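Read the structure below first, then the notes.
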Amino acid sequence: MLSRSLNKKITIIATILAIIISFTFLSFTWQKPLWESDSWQNNTYNKVESTFRYYNNNAGAYAELPSLSIQDTADLYSTVWIIKTLSLIDMSRTEQSKQYIVKWLHSLQQENGLYSYPNNPGLPDLYVAYLVVEGLDALGEKPTNRNALGMALTNLQDSNGLFSWDKKTTSDYTATETACQILTSLGITEHTTSTKRALSEAFSKDELFRDSNLNEFLNYGAPIINAMQSLGVDSSVFPKELIDKRIRWLDTIGRNILSMPVHRDHHSLPSKPLLRPGTFLEQLYPKKILTLSY
């Protein structure tokens, strides 16, 4: 599991991205959403670009946003989320700094295939790899030593097929979801047969799909389904009764999420954790996925 402080920091930065994504959905009701205006885009770009730092050997990255005021050195979280945010606005704006960012991200890879992020040595290896791969992917790049990274990730795989965040933690479904996403992005899924088996078995366990607890949804149900989808598991291999049960579970979770105060006035904005599980189940019974049409 990620630490509480890490989750808090991720939430702060991800909220920035979520706000911009919200503007995308609201474009259906506005003639021209705020985020599409030149003034908003220029102000946003100038603010994040002011945090860009150049380093030796033609490398560079973003520091944290001024509003966070935590540090003024290269920051992996900020670099990745800023890149992904800019990709929603206009990716051509990153052309000037792209080569520097790519070189900086590549410089973090170690001989064992994993990545080192000295600014925060407490980050789990798997999450650091996820951030780097996400950043490179947003820039249209792949890790320099793809095979070494793939082998390093398989070293984080337990005998049960599931993955752990690092060698200090036990395997869990959120780490497995993250690992499967990375491996699929790299095109390396040769060692995931046992993972598919473990996920399929978990998908059949009702105790992992209780609809009364959102935390359980985020730590068990959603990552189990998301990992299966990343690995290309076909939902049609499961009994119709089980799929029906999971559809009802997802629908109940969706209603619970959308009834929360933060969502009450935004029913047209589907929550991201619902989308991928819904897509997986929709392969078999598209008309029964209610949460995607709120």
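Numbering follows my numbering, in which position 128 of the sequence shown is assigned residue number 223; successive positions increment by one, without gaps. Each residue gets a CB set at the ideal place from its N, CA and C atoms; glycine is no exception. It should be emphasised that the depicted structure is a prediction, and the values quoted were computed from it without experimental measurement.
Since residue i and residue j should fall inside the 8 Å C-beta cutoff, what is the C-beta to C-beta distance between them, to a whole number of angstroms?
| i | j | result |
| --- | --- | --- |
| Ser273 | Leu221 | As written in the sequence, residue 273 is Thr, which differs from the Ser given in the question. Sure, about 6 Å apart at Cβ, within 8 Å. |
| Ala224 | Ile277 | 6 Å |
| Thr279 | Leu326 | 7 Å |
Residue i by DSSP, collapsed to three states: which one?
| i | result |
| --- | --- |
| Tyr222 | helix |
| Asn141 | helix |
| Phe258 | strand |
| Tyr212 | coil |
| Gln205 | coil |
| Glu336 | helix |
Which residues bound the beta strand (DSSP E) around residue i?
| i | result |
| --- | --- |
| Tyr150 | 147-150 |
| Tyr95 | As shown, the chain starts at 96 and ends at 389. That puts residue 95 outside it, with no answer to give. |
Find the nearest neighbour of residue i within the set the options, judged by alpha-carbon distance.
| i | options | result |
| --- | --- | --- |
| Ala247 | Asn310, Gln204, Phe375 | Gln204 |
| Asn314 | Ala293, Tyr268, Ala243 | Tyr268 |
| Tyr157 | Arg350, Leu181, Asn137 | Leu181 |
| Tyr150 | Leu226, Leu376, Lys198 | Lys198 |
| Asp329 | Leu234, Ala233, Thr168, Leu376 | Leu376 |
| Asp253 | Val228, Thr284, Ser289 | Ser289 |
Would you say residue i and residue j are within 7 Å of each other, going by their C-beta atoms?
| i | j | result |
| --- | --- | --- |
| Gly208 | Asn240 | yes |
| Thr347 | Asp306 | yes |
| Trp260 | Pro219 | yes |
| Met323 | Leu345 | no |
| Gly230 | Ile178 | yes |
| Gln136 | Ile196 | no |
| Phe147 | Ser192 | yes |
| Ser202 | Ala154 | yes |
In terms of residues, what are the limits of the alpha helix (DSSP H) holding residue i?
| i | result |
| --- | --- |
| Pro318 | 317-325 |
| Thr269 | 268-281 |
| Asn242 | 241-249 |
| Leu181 | 171-184 |
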